[in-house]
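Undergrad:
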Amino acid sequence: MSNATLVSTTVNGDPVQFACPTDESLMTALRNRVGLTGVKEGCGTGDCGACTVTVDGSLVCSCLVLGVEAEGREVTTVEGLSQDGELHVLQQKFIDHAALQCGICTPGFLVAAKTLLDRNPNPNETEIRYALAGNLCRCTGYDKIVRAVQDAAKDMRKASKKRR
Amino acid sequence: MRYATPASAKEAAGMLSKEKGAAFLLAGGTDLLVKLKMGMVEPDLVVDIKRIPKIDQIQTSAKGFTIGAAVSGSVIGQHKGLKAAWPGVVEAANLIGSDQIQGRATLAGNLCNASPAADSVPAMIAAGAKAVIVGPQKKRTVPVEKVVQGPGKTCLAKGEVIEAITLPKPEAKTGDAYLRFIPRTEMDIAVVGVAISLKLERGVVKKAKVALGAVAPTAVVVPAAARALVGSKLDDAALEKLAAACSAACNPIDDKRGTVEYRTRVAGVLAKRAAKIAFQRAGGAL
Amino acid sequence: MGHEQKYVDKKYEVVGTRFNRPDGIDKVTGKARYGADASAPGQLVGRVLRSPHAHASIVKINTSKAEKLPGVKAIITSADLPDVTGGDQGLADILENCMARGRALYDGHAVAAVAAVDEQTAAQALKLIDVKYKKLPHVTDVDEAMCESAPVIHDRIITRGVEPKPTKPSNVAARTQMGHGDIEAGFAEADVVIEKSYKTEQTHQGYIEPHACLASVNPDGTAELWVTTQGHFVFRNVCASLLGLDIAKLKVTSSEIGGGFGGKTHVWVEPVALALSRKANRPVKLVMGRDEVFRATGPTSSTSIDVKMGAKKDGTITAAVAEMRYQGGAFPGNWAMLGCMTAFACYDIKNNQSIGWDVVVNRPKVAAYRAPSAPMAAFAVESTIDELAKEIGIAPIDMRLKNVAREGTLAPYGPTYGPIGIEHTLKAVKDHPHMRAKLKKNQGRGVACGFWFNIGGQTCTDLNISVDGTVNLTLGTVDVGGSRSSMAMIAAEELGIPYEQVRANIADTTSLGHNDMTEGSRGTFSSGMATIFAARDAISVLKQRAAKMWGITEEDVIWENGQALATGDSHSNLPPLSLKEIAAKSGRTGGPIAGHNEVVADGAGMGFASHICDVEVDPETGRSTIVRYTVVQDAGKAINPDYVEGQFQGGATQGIGWALNEEYIYGDDGCLQNAGFLDYRIPVCSDLPFIDTQILEVPNPLHPYGVRGVGETSIVPPLAAVGNAIANATGVRMTHAPMSPPRVLAGIDTLEHAS
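In structure tokens:
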């Protein structure tokens, strides 16, 4: 490994250090050095969204981020969605609605959908479809994915009302 | 490959100018990392400007807006003032790729990548945007239409860095719009892009600027198209003249994304549609 | 043990309801391990060097510089993959496709491969391999490849199926002909005859997971392969044959599979990874890049098809002829034959004839893509039927119903149909509210039908009952879209226990007998059958054990609702024994309780569907938007309706992508210009409406539950459904798919010029 740089970052709330070549993508670093293989490589060029994560809350394709750029940032992957041993509502709804077939695109969809619902708790169908347009799915025709997101949004709105 | 995170635009410029090997500037990285992956570039140095203070911010002043070179599309899309002032520019910026790309892609990067099909460039041109360029020695400001000189080619000298994009405060009764044609609804590169900004006076177009993308080696300003609009209330005759002028200004190529014939024709179609949007945004009644 | 395969009508407890899949949690949490997610101690990174030319002699490969690069552990060329196929031309073709042998046959053809300690070193090593090519003339278009003047790609190809046998080689591998009746008499009877030529471009399966594997070969000839595949047993056999390994000594484990659609039924890089590992004596992980996937794996054929159909004024189709030319890439396939078999299969046409030409070109070797070859044939035939209907002045739906195939119809490809569901789907379409919904300006509606055979094949399944009564169902057919849940449901149904009590797993090749691929819509049909039989096998063991526990004869025990009951007056005092109770005592009644089945599942039921599509066309740009879409398909029996709907929706969407924008674009240099998801435009979420589905159940008489395959048929109608909708929206008959905006706009222009 030539030109390796030590990167200190936060992944899914935990402090993480890894050494990676400067030209290695965050996607590869997360997969091969941090062991988070829920980050999937579908294209490596930002066209499929399978490697979607958030960096400092911003939705990105981790294949279009250098590993070294993660220094001091906060990265969230699909592995960080479930908390305290419980699935995130979106994760449960994806299972309940059969919103996955092969499942390779699912991690990216979940991170993108969560980012959408954090920003817009009550999106309409069109907003959901455009927000997820950067995530390719070849199995489902997106039908059950959109339904799962709609249903999750409904439950999340109910839950947040209850909290208030 | 060395990776550097300068603390100022000037420092970045210094690094780039001193580098003997292949040096690249990294802002959003949505073009650079693709080229890296495909083996199209082999950088010796990558200068990441995102750690420069305030470079990821939009500043508003009496004169207008200063958009830092690392401001991402999603930040632009959430800026209410900018959206109200230059909705066409904001739309164009937000059309670049998916939400994931929006999390990173920048106006300055879209400009520097110098693709003929860049979405934000025609919109910036129509809006009168300027690039603030910092070099190792001096700073200069260049209108956006002067920055790109050919596919992948800009006016930036070795060591020069775009620090920000400025947009003027729009005059009263101004509206702008950007439309592009793509085969899908998202994720495609523009086959044709049309940006129009215009100013009304008593319901009549007083001033206009029309810029086209993806129909020539660089974005093109089409004065004849602007002239077609000026003095009109956007009647059918004016729109037809606009469309003809836009089509006439096209000098596209045949490629996997579109044919010469198709691009030329659709440029006119989109120009008419964009003009109507801009006209209504300026307060005009159709 | 013989089992009854015939359909029996009964009430189900589990089957037909909706259950969550057993692999769901792993897949939503990122824990599921796909092809690229495994690693082994000391593993190397494998990379493949590919030809930049469409057709070229490989004059020399110099690897010496690359070999000297520190960290490079093995470099292979075709010399490291000697031909041990023993005259089997099919296998030899696969070998040559995996690694060029003296000649690169298409842009992206593998010419060498390297294994190195890391990604960077491997990439650098590829650059240091010096290949001297001599460019040869190339041909990528199917019609051009058939011309006299075309460069001949393989000297060994002499057209099969032509009398007298040609003396010269050509690019035409085979001619097929089928059908029945008297064509000339049929056309003589017709009041209206329509003749049209169609073209469809090449498309890719577009699975999101690139091919990936982890190979490890030991010096003693034992080996392991972790791979994303639709059939690990077949991969094992093929890889062992190509590398000269003993089949049982190669253990293949199928990873979770990130989509296949037929593209993962063929080996591409797996033999290369094994050869690299053999040479380096270390595990080698080889993951394809997306560009490699497009350039060098499994697209489907591009085609050129002529159709001529005649009908009487009352709508009766009197004769139909199709001549279809399919390219199979650089190696011969039987793709045109499949086109011939499916073209007119939805209809009862007294006089019909299909002629197919299988052609080779300088493109990647074609692989199966969901109902391979059928969508193109359906595009041509279903479009022509709409034109006929228009000419006669009859509604397209009625035209189809008038000629629909039924039980007893002689299929164009030979057999006489048993009970089939095409008429049911058409009637359901006719009655569907979608057909009555109002269309807006620039909108049009199209209907089209589709057929796919479905296959059976070899299957082997184990069912093991644990001492606590939970059940392991061990399957050998790869789960590509949720079949583990369906199989677990079937086992639960048979055993009479809750779904949650069954855990379905896919076994590696050392743990079960041979299973054919998950292809041909056979997974649920054949593994479902084997699961039923394995469960019945286990039930007979359970009954024996209950008899033993009770001390009565086995004949006096029946199995009902998950428990053994003693029958006969003398045993009426014996309380039932549940599966759990019997399992708990199994250690003392004869040991573990298991069921087992191996079967060649015959009698796969044909799959038929009819689709409705509403499209809106922008008359100024030629851009089409799908505004509403409905799939009606006969599933025989939907085991888990969620995943049946999923197959319908996914297949329809792939067809829509093909209909609108997906295509391989080759330059004049014969190189692929759009080897990425940016310019190979598969539908994105915002391109589509919800895809409505209606599942019909016309039981397959040769499956205990009536199951038919459902995976493939749904990709067959969309090209024509979209084309028919565009025709109704614009008046333009599109004959070239995809019906991309420039093509539609050009069509609208012709119409305007004509008027």
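Note that the protein sequences, when read in sequence, are chains A, B and C. Taken in order, the first sequence gives residues 1 to 164; the numbers are from this note's numbering. Taken in order, the second sequence gives residues 165 to 450; the numbers are from this note's numbering. Taken in order, the third sequence gives residues 451 to 1205; the numbers are from this note's numbering. We treat Cβ as the ideally placed atom computed from N, Cα and C, and that holds for glycine. Every value quoted in this text rests on a predicted model; they were computed, and no experiment measured them.
I need the straight-line Cα distance from Pro865/C to Ser82/A, nearest angstrom please.
TA: In the third sequence, residue 865/C corresponds to position 415, counting from 1. In the first sequence, residue 82/A corresponds to position 82, counting from 1. One C-alpha to the other measures close to 54 Å.
Undergrad: At a CB distance below 7 Å, what residues from the region 1185-1196 of chain C approach chain B? Give them in sequence order.
TA: So the list reads Ser1190, Pro1191, Pro1192 and Leu1195, given in the order they occur along the chain.
Undergrad: Helix, strand or coil for Ser977/C, going by three-state DSSP, please let me know.
TA: For the purposes of this step, residue 977/C is taken as the residue at position 527 of the third sequence. DSSP places Ser977/C in helix when its eight states are reduced to three.
Undergrad: Pull the bridge partners of Ala176/B from the DSSP assignment, please.
TA: Counting from one through the second sequence, the residue named residue 176/B turns up at place 12. Its beta-bridge partners do not exist; DSSP assigns none.
Undergrad: Does the ligand PLP have a heavy atom nearer than 7 Å to the CB of Ala431/B?
TA: By its list of ligands, the structure shown contains no ligand whatsoever, and the ligand PLP lies outside what it can speak to.
Undergrad: Between Ala957/C, Asn853/C and Gly978/C, which has its C-alpha nearest Val1157/C's C-alpha?
TA: Residue 1157/C sits at position 707 when you count from the first residue of the third sequence. Out of Ala957/C, Asn853/C and Gly978/C, Gly978/C has the C-alpha closest to the C-alpha of Val1157/C.
Undergrad: Would you mind stating whether Pro616/C and Ile603/C have Cβ atoms separated by less than 8 Å?
TA: For the purposes of this step, residue 616/C is taken as the residue at position 166 of the third sequence. For the purposes of this step, residue 603/C is taken as the residue at position 153 of the third sequence. Taking 8 Å as the Cβ cut-off, Pro616/C and Ile603/C do not qualify as a contacting pair.
Undergrad: Going along the chain, which residues of its own chain have a beta-carbon closer than 6 Å to the beta-carbon of Gly973/C, five neighbours each way excluded?
TA: As a working note, residue 973/C is residue 523 in the third sequence. Within the same chain, Gly973/C has close Cβ partners Thr927 and Ser933.
Undergrad: Tell me whether the beta-carbon of Leu59/A lies closer than 8 Å to the beta-carbon of Cys105/A.
TA: Position 59 of the first sequence holds residue 59/A. Position 105 of the first sequence holds residue 105/A. Cβ distance not < 8 Å, so Leu59/A and Cys105/A don't count as in contact.
Undergrad: Determine the closest residue to Val65/A out of Thr423/B, Leu320/B, Gly192/B and Ala390/B, with distance taken between C-alpha atoms.
TA: Residue 65/A sits at position 65 when you count from the first residue of the first sequence. Here the closest residue by C-alpha is Gly192/B.
Undergrad: To the nearest angstrom, how far is it from the Cα of Arg157/A to the Cα of Leu117/A?
TA: For the purposes of this step, residue 157/A is taken as residue 157 along the first sequence, with counting starting at 1. For the purposes of this step, residue 117/A is taken as residue 117 along the first sequence, with counting starting at 1. Computed Cα separation, rounded: 10 Å.
Undergrad: Gly179/B versus chain A: which residues are under 7 Å apart at the beta carbon?
TA: Mapped onto the second sequence, residue 179/B falls at position 15. At residue 179/B the sequence reads Met, which differs from the Gly that was named. Near Met179/B there are no residues of chain A at all, since even the closest Cβ is about 14 Å away, more than 7 Å.
Undergrad: Where does Cys1135/C fall in DSSP's three states?
TA: Locating residue 1135/C in the third sequence gives position 685, where the first residue counts as 1. Residue state, collapsed to three classes: helix.
Undergrad: Note down, in chain order, every chain B residue with its Cβ under 7 Å from the Cβ of Tyr130/A.
TA: By 1-based counting over the first sequence, the position of residue 130/A is 130. In chain order: Glu350.
Undergrad: Residues in the same chain with beta-carbon distance under 7 Å from His964/C, minus the five sequence neighbours each way, listed in chain order, please.
TA: Start at 1 with the first residue of the third sequence, and residue 964/C comes out as number 514. Excluding residues within five positions, the ones whose Cβ falls inside 7 Å are Phe683, Gln908 and Cys910.
Undergrad: With DSSP run on the structure shown, which of helix, strand or coil describes Tyr819/C?
TA: Mapped onto the third sequence, residue 819/C falls at position 369. Tyr819/C: coil per DSSP, three-state reduction.
Undergrad: If distances are taken between C-alpha atoms only, which option among Ala980/C, Ala1016/C, Thr981/C and Val737/C comes closest to Ala996/C?
TA: For this step, residue 996/C is matched to residue 546 along the third sequence. Of the listed residues, the one whose Cα sits closest to Ala996/C is Ala1016/C.
Undergrad: Under DSSP, the alpha helix (DSSP H) around Lys161/A begins and ends at which residues?
TA: Numbered from its first residue, the first sequence carries residue 161/A at position 161. That run of the alpha helix (DSSP H) goes Asp143 to Arg163.
Undergrad: Contact check, Pro1151/C vs Pro869/C under 8 Å by CB: the rounded distance?
TA: Residue mapping note: residue 1151/C aligns to position 701 of the third sequence, counting from 1. Residue mapping note: residue 869/C aligns to position 419 of the third sequence, counting from 1. The pair is a contact, with the Cβ atoms about 6 Å apart (cut-off 8 Å).
Undergrad: Residues bridged to Trp902/C by DSSP?
TA: Taking the third sequence and counting its residues from 1, the one referred to as residue 902/C is at position 452. In the DSSP output, where bridge partners are listed per residue, Trp902/C has Gly1057/C.
Undergrad: I need the boundaries of the beta strand (DSSP E) containing Thr715/C, first residue and last residue.
TA: For the purposes of this step, residue 715/C is identified with residue 265 of the third sequence, where counting begins at 1. Segment: none, Thr715/C is in no beta strand (DSSP E) and carries neither H nor E.
Undergrad: Taking only beta-carbon atoms, is Phe345/B less than 8 Å away from chain C?
TA: Here the question's residue 345/B lines up with position 181 in the second sequence. So, interface residue.
Undergrad: Are the CB atoms of Asp1064/C and Arg1183/C nearer to each other than 8 Å?
TA: Along the third sequence, one-based indexing puts residue 1064/C at 614. Along the third sequence, one-based indexing puts residue 1183/C at 733. In this structure, Arg1183/C does not lie closer than 8 Å to Asp1064/C by Cβ.
Undergrad: Kindly list, in the order they appear in chain C, the residues whose Cβ is closer than 7 Å to that of Glu79/A.
TA: One-based indexing of the first sequence puts residue 79/A at position 79. Simply Thr479 and Gly480.
Undergrad: Are the C-beta atoms of Val734/C and some chain A residue less than 8 Å apart?
TA: As a working note, residue 734/C is residue 284 in the third sequence. Judged by the 8 Å Cβ criterion, Val734/C is not in contact with chain A.
Undergrad: Would Tyr167/B pass as an interface residue toward chain D - the criterion being a Cβ-Cβ separation below 8 Å?
TA: You won't find chain D in this structure, because its protein chains are A, B and C.
Undergrad: Sort Ala186/B, Ala295/B, Pro217/B and Leu180/B by Cα distance to Phe229/B and report the nearest one.
TA: Numbered from 1 along the second sequence, position 65 holds the residue referred to as residue 229/B. Considering only alpha carbons, the answer is Ala295/B.
Undergrad: I believe Ile707/C touches Thr750/C by the beta-carbon criterion, under 8 Å. Please report the beta-carbon distance rounded to the nearest angstrom.
TA: Position 257 of the third sequence, counting from 1, holds the residue named residue 707/C. Position 300 of the third sequence, counting from 1, holds the residue named residue 750/C. Not confirmed; about 19 Å, so no contact.
Undergrad: Go through its chain and collect everything with a Cβ distance to Val1050/C's Cβ below 6 Å, but skip five positions before and after it.
TA: On the third sequence, residue 1050/C is found 600 positions in, with the first residue counted as 1. Gln908, listed in sequence order.
Undergrad: Using a beta-carbon distance cut-off of less than 9 Å, what residues from the region 113-143 of chain A approach chain C?
TA: For the region 113-143 of chain A, which is checked against every Cβ of chain C, the residues closer than 9 Å are Glu125, Thr126, Ile128, Arg129, Tyr130, Ala131, Leu132, Ala133, Gly134, Asn135, Leu136, Cys137, Arg138, Cys139, Thr140, Gly141, Tyr142 and Asp143.
Undergrad: Taking the C-alpha atoms as reference points, what is the distance between Asn802/C and Leu860/C?
TA: Working through the third sequence from its first residue, we reach residue 802/C at position 352. Working through the third sequence from its first residue, we reach residue 860/C at position 410. Near 11 Å, if we compare the C-alpha coordinates of Leu860/C and Asn802/C.
Undergrad: Does the Cβ of Glu1202/C have 16 or more other Cβ atoms within 10 Å, making it buried, or fewer, making it exposed?
TA: For this step, residue 1202/C is matched to residue 752 along the third sequence. Per the 10 Å Cβ criterion, exposed.
Undergrad: Please determine, among Gly448/B, Asp212/B, Val325/B and Gln266/B, the residue with the shortest C-alpha to C-alpha distance to Ala133/A.
TA: Locating residue 133/A in the first sequence gives position 133, where the first residue counts as 1. Among Gly448/B, Asp212/B, Val325/B and Gln266/B, the Cα nearest to that of Ala133/A belongs to Gln266/B.
Undergrad: Apart from the five residues just before and just after Gly316/B, which ones in its own chain have a Cβ nearer than 6 Å to its Cβ?
TA: Mapped onto the second sequence, residue 316/B falls at position 152. Answer for Gly316/B: Ala278, listed in chain order.
Undergrad: Among all the DSSP beta bridges, which residues are the ones paired with Gly760/C?
TA: To locate residue 760/C, count along the third sequence from 1; it is residue 310. Partner(s): Val643/C and Ala769/C.
Undergrad: Beta-carbon within less than 7 Å of Pro403/B's beta-carbon, same chain only, minus the 5 sequence neighbours each way: which residues are those?
TA: In the second sequence, the residue the question calls residue 403/B occupies position 239. The sequence given here has Leu at residue 403/B, not Pro. These residues qualify, in order along the chain: Lys436 and Ala439.
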